[in-house]
Each structure stands twice: as C-alpha cells, then as structure tokens.
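For the sequence shown, our numbering assigns the number 600 to the initial residue and increments by one for each residue that follows.
As structure tokens, the structure follows; a few thoughts come after it.
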Amino acid sequence: MTQTIAIDNSQKLQLAPLDIPNRLLLGPGPSNAHPAVLEAMNTPPVGHLDPAFLGLMDEIQSLLRYTWQTQNQLTIAVSGTGTAAMEATIANSVEPGDVVLIGVAGYFGNRLVDMAGRYGADVRTITKPWGQVFSLSELRTALETHRPAILALVHAETSTGARQPIDGVGDLCREFGCLLLLDTVTSLGGVPIFLDTWGVDLAYSCSQKGLGCPPGASPFTMSQRAVEKLQQRKTKVANWYLDMNLLGKYWGSDRIYHHTAPINLYYALREALRLLAQEGIENSWQRHQKNVEYLWAGLEDIGLKLHVQQEFRLPTLTTVCIPDGVDGKAIAKILLNDYNIEVGGGLGELAGKVWRVGLMGFNSRTESVDRLLEVLPQVLS
Ligand code: PLP
600 MTQTIAIDNS
610 QKLQLAPLDI
620 PNRLLLGPGP
630 SNAHPAVLEA
640 MNTPPVGHLD
650 PAFLGLMDEI
660 QSLLRYTWQT
670 QNQLTIAVSG
680 TGTAAMEATI
690 ANSVEPGDVV
700 LIGVAGYFGN
710 RLVDMAGRYG
720 ADVRTITKPW
730 GQVFSLSELR
740 TALETHRPAI
750 LALVHAETST
760 GARQPIDGVG
770 DLCREFGCLL
780 LLDTVTSLGG
790 VPIFLDTWGV
800 DLAYSCSQKG
810 LGCPPGASPF
820 TMSQRAVEKL
830 QQRKTKVANW
840 YLDMNLLGKY
850 WGSDRIYHHT
860 APINLYYALR
870 EALRLLAQEG
880 IENSWQRHQK
890 NVEYLWAGLE
900 DIGLKLHVQQ
910 EFRLPTLTTV
920 CIPDGVDGKA
930 IAKILLNDYN
940 IEVGGGLGEL
950 AGKVWRVGLM
960 GFNSRTESVD
970 RLLEVLPQVL
980 S
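And the structure:
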C-alpha cells in the first residue's frame with residue numbers, strides 16, 4: 600500500500616505494561632472489588648445476545664431485586680456509573696413542567712437539582728445543613744407547599760455521611776399523589792433498604808461501593824406506578840441511551856438489541872451479587888454496622904470527632920472532623936503515598952473540614968479498620 604499521509608507520532612508513547620499501586624480504598628468509593636469479582640471479570644466475553652449472557656442478565660435482575668428488597672419487574676443494571684442510573688430515573692420520570700421537589704442536604708442532592716432542571720422540571724428544593732436529615736413532618740410540610748409530581752431524596756449522602764430515614768416517606772408520597780425517587784448509591788448492600796415496604800418508586804445505585812465491584816454497571820429500578828407515569832408521557836424520553844421503553848426491550852422478554860453491554864462488567868456484577876446473596880443481605884448490613892462501630896470507637900479513642908449525630912450516621916461512610924490546625928489534604932496525601940491508604944476529603948460545604956472514610960462491601964472488614972487505626976495516629980503525630 601502506498602502511504603501518502605505521514606503518520607504523526609507525537610502522541611505515540613512507548614509504555615511499560617500497566618503498573619498500578621495496590622491501594623486500600625477507604626474513601627467515598629470506589630472500594631476495593633472482591634478478588635472473586637475481579638476473577639469473574641477476567642472471563643472471556645461472549646456476545647451481548649448470547650443465550651449464556653441473556654441468562655446472566657436475568658440472574659442480575661433477580662439478585663438486584665433481592666438486594667433492594669423489591670419485586671419491581673423493571674429492575675436492571677444501566678451500562679454506566681451511578682450518575683447514568685441517576686439520570687435514567689430523572690429522564691424517564693420527569694416531563695417538562697413537572698414539579699420535582701428535591702431534598703438537598705449535600706452535594707448529590709444538588710446534582711439531582713441540576714439534572715432535573717435540564718429535563719425541564721420545575722425544581723423546588725428543601726434544604727438542611729450538610730450532615731443533617733429531613734424529618735417526616737418537614738417533608739409533609741414541603742409536600743403540602745409544593746404538591747410535586749416527584750419527591751427525590753438521597754438515602755445515603757456521601758458528601759456528609761448522613762443516612763436519611765425513609766420509613767413513612769412512601770406513605771406520605773401516596774397521600775400527596777407523587778412518586779418517590781431515592782438515591783441509594785452509598786447504601787445498597789451496606790445499609791438496610793426495603794424499597795417495596797418503604798414505597799419507593801424509582802431508585803438507582805452503583806456497583807463500586809457496597810457491592811464490591813468495579814464501577815460501570817449501575818442498578819436501576821422503577822415501580823409499576825413509575826412505569827405508568829412513563830407510559831402516559833406526552834413527550835418522548837429526552838435521552839435515547841437511558842430510555843426505559845427501549846432498554847426494557849433488551850432486558851425484558853423481547854431481547855431487542857439496544858447497545859453493546861459491557862459484558863465483563865456484568866460478569867463482575869453478577870459475581871458481586873452472588874456473593875452478597877451467599878452472605879445474606881441482612882448479614883451484610885450487620886457486618887457493615889459492626890465494622891463501622893469499631894471504626895467510630897477507634898477514631899474517638901485517638902481523639903477525633905465525627906461530623907454526624909450517631910443516630911443518622913451511615914455504616915458505609917463516616918465523616919471525620921479534621922482537628923483545628925491540621926492540614927487535612929496533607930494527611931490524606933501521606934496516607935496515600937506512604938501507606939497506600941485512600942481516604943476522601945470533604946466536598947462542597949465540608950471541603951477542608953472533614954475526611955470521608957468509607958467501609959464498603961469487601962472493605963467492610965476489621966482488617967481495614969485496624970490498618971487505618973494503626974497508621975493514622977503516626978501520621979497525625
Ligand atoms: N449519588 C451519590 C450519593 C454518590 O455518592 C455518587 C458517587 O459517589 C453518585 C450519585 C454518582 O455516582 P458515580 O460517581 O458512580 O457516577
């Protein structure tokens with residue numbers, strides 16, 4: 600072949616094979632994937648319409664229903680990270696002009712606000728200082744005032760470490776005729792969730808936290824009430840990739856090609872969910888609670904204070920107050936560079952004020968806590 604165009608080699612790197620440090624990921628996510636999950640991910644891919652893969656999709660759907668405690672038929676994993684699944688809930692449920700009431704008590708509440716606005720929602724907010732949660736009576740007052748089509752809440756605010764109680768909120772939403780949308784990104788697998796009992800209509804999560812899987816295949820579910828709203832839409836879902844009318848035909852019995860699923864990520868997710876079912880979801884919740892209480896006690900023993908009132912603290916993510924005069928970023932840097940331990944810094948209102956310590960999925964183990972508690976006093980002294 601005669602070559603007439605000269606190759607531009609200016610971006611051509613001659614690299615050594617991949618060499619990534621082995622870190623203990625105790626930040627806000629991703630957490631370390633379970634070794635068996637990484638092994639499953641190594642399985643050679645098959646086609647995305649191969650019967651073996653379609654069977655695996657059914658298994659994922661069923662195990663997601665178990666993990667979330669729901670019977671919702673439309674329960675799938677979105678190909679993308681938690682934000683894609685978040686966008687899927689908004690894109691499918693919001694029609695231009697719909698009043699959407701969002702509880703904002705942290706960074707991810709604000710992301711929902713931005714996203715719902717982009718889909719034409721008439722967004723209303725209720726706010727709380729970061730680290731606090733909404734009471735049922737505050738939610739009732741807000742529903743009375745705004746009469747929304749959808750109430751959206753973040754169950755586990757990763758930016759603050761607070762757990763929003765949901766018990767009773769679904770009944771309120773039914774009384775006011777609205778759907779309940781819930782972010783469970785930092786709660787699924789590690790914090791008790793009873794989607795059907797709570798009356799949640801739309802929920803999403805991620806794979807890289809409580810499920811102990813790499814990021815990229817994100818749980819999504821919608822109730823029959825939410826499906827009915829979708830069916831009654833006057834306008835098309837404004838996002839082709841995340842339109843459940845189309846995606847549902849790939850995950851449902853039609854098996855119509857929609858996109859090429861990231862096959863190996865779904866292998867990983869299936870293995871993560873299998874391990875969780877083997878452990879038993881209630882045992883996983885207890886494990887997360889036990890280990891985080893061990894962490895809290897250890898942190899308090901070395902004189903550190905926690906940002907959230909104990910009753911509302913998450914078992915998956917703890918916000919630790921950075922003591923006066925301590926450079927939080929510098930400490931996190933030493934932990935990472937010298938000890939291979941990742942912890943997160945504060946976001947938004949809590950930037951520079953807290954560290955965020957995650958104990959999620961495979962990482963919720965006494966060994967992880969021991970390692971951090973062994974190193975932290977040395978680094979702080
Ligand atoms: N919602 C919450 C509460 C989160 O913590 C995150 C990420 O940490 C997201 C949404 C977005 O998920 P992702 O980063 O996987 O896109």
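Note that the Cβ used here is the ideal one computed from N, Cα and C, for glycine as well.
{"query": "Beta-carbon gap between Gly815 and Thr917 smaller than 9 Å", "result": "no"}
{"query": "Cβ-heavy atom distance, Pro814 to ligand 1, below 8 Å", "result": "yes"}
{"query": "Counted within 10 angstroms of its Cβ, other Cβ atoms place Trp839 as buried (16 or more) or exposed", "result": "exposed"}
{"query": "Under the three-state DSSP convention, the category Phe940 falls into", "result": "Rather than Phe, the amino acid found at residue 940 in this sequence is Ile. In this structure, Ile940 counts as strand in the three-state DSSP scheme."}
{"query": "Beta-carbon spacing of Ile880, Thr642 below 9 Å", "result": "no"}
{"query": "Span of the beta strand (DSSP E), counted from its first residue to its last, around Trp729", "result": "Unbroken run through Trp729: none, as it is neither H nor E."}
{"query": "Start-to-end residues for the alpha helix (DSSP H) that takes in Ser758", "result": "Counting along the chain, Ser758 falls outside any alpha helix (DSSP H), and DSSP gives it neither H nor E."}
{"query": "Ile675 (DSSP reduced to helix, strand or coil)", "result": "strand"}
{"query": "Val784: CB within 8 Å of a non-hydrogen atom of ligand 1", "result": "yes"}
{"query": "Arg710 CB to nearest heavy atom of ligand 1 below 8 Å", "result": "yes"}
{"query": "Same chain only: Cβ atoms within 8 Å of Tyr865, ignoring 5 sequence neighbours per side", "result": "Phe652, Leu655, Met656, Ile659, Ala676, Ala816"}
{"query": "Ser967 in three-state terms, based on DSSP", "result": "helix"}
{"query": "Residue span of the beta strand (DSSP E) that contains Phe819, given as start and end", "result": "816-821"}
{"query": "Exposed unless 16 or more other CB atoms sit within 10 angstroms - verdict on Leu846", "result": "buried"}
{"query": "Whether Cys805 touches Leu780 by CB criterion (9 Å)", "result": "no"}
{"query": "Segment contact flag, the segment 846-855 with the segment 717-726, C-beta cutoff 8 Å, min 3 pairs", "result": "no"}
{"query": "Cutoff 6 Å; reference Val784; Cβ partners in own chain excluding five residues on either side", "result": "Gly681, Ser804, Cys805"}
{"query": "Proximal residues to Gly798 (C-beta, below 7 Å), its chain only, five neighbours per side dropped", "result": "Gly769, Asp770, Cys772, Arg773, Leu779"}
{"query": "Element boundaries [beta strand (DSSP E), containing Leu916]", "result": "916-920"}
{"query": "Cβ shell of Arg912 (< 8 Å), same chain only, five flanking positions each side left out", "result": "Gly760, Ala761, Arg762, Val891, Trp895, Leu905"}
{"query": "The segment 622-636 / the segment 806-813 touching (three or more Cβ pairs under 8 Å)", "result": "yes"}
{"query": "Beta-bridge partners of Trp954, as assigned by DSSP", "result": "Val919, Gly944"}
{"query": "Distance cut-off 8 Å: Ala683 Cβ against heavy atoms of ligand 1", "result": "yes"}
{"query": "Meets three-Cβ-pair contact criterion under 8 Å: the segment 918-936 and the segment 951-959", "result": "yes"}
{"query": "According to DSSP, residues forming a beta bridge with Ala802", "result": "Leu781, Thr820"}
{"query": "Range covered by the alpha helix (DSSP H) that runs through Ile659", "result": "650-667"}
{"query": "C-beta contact flag for Thr556 and Tyr706 at 9 Å", "result": "Past the edges of the chain, shown from 600 to 980, lies residue 556, and the structure says nothing about it."}
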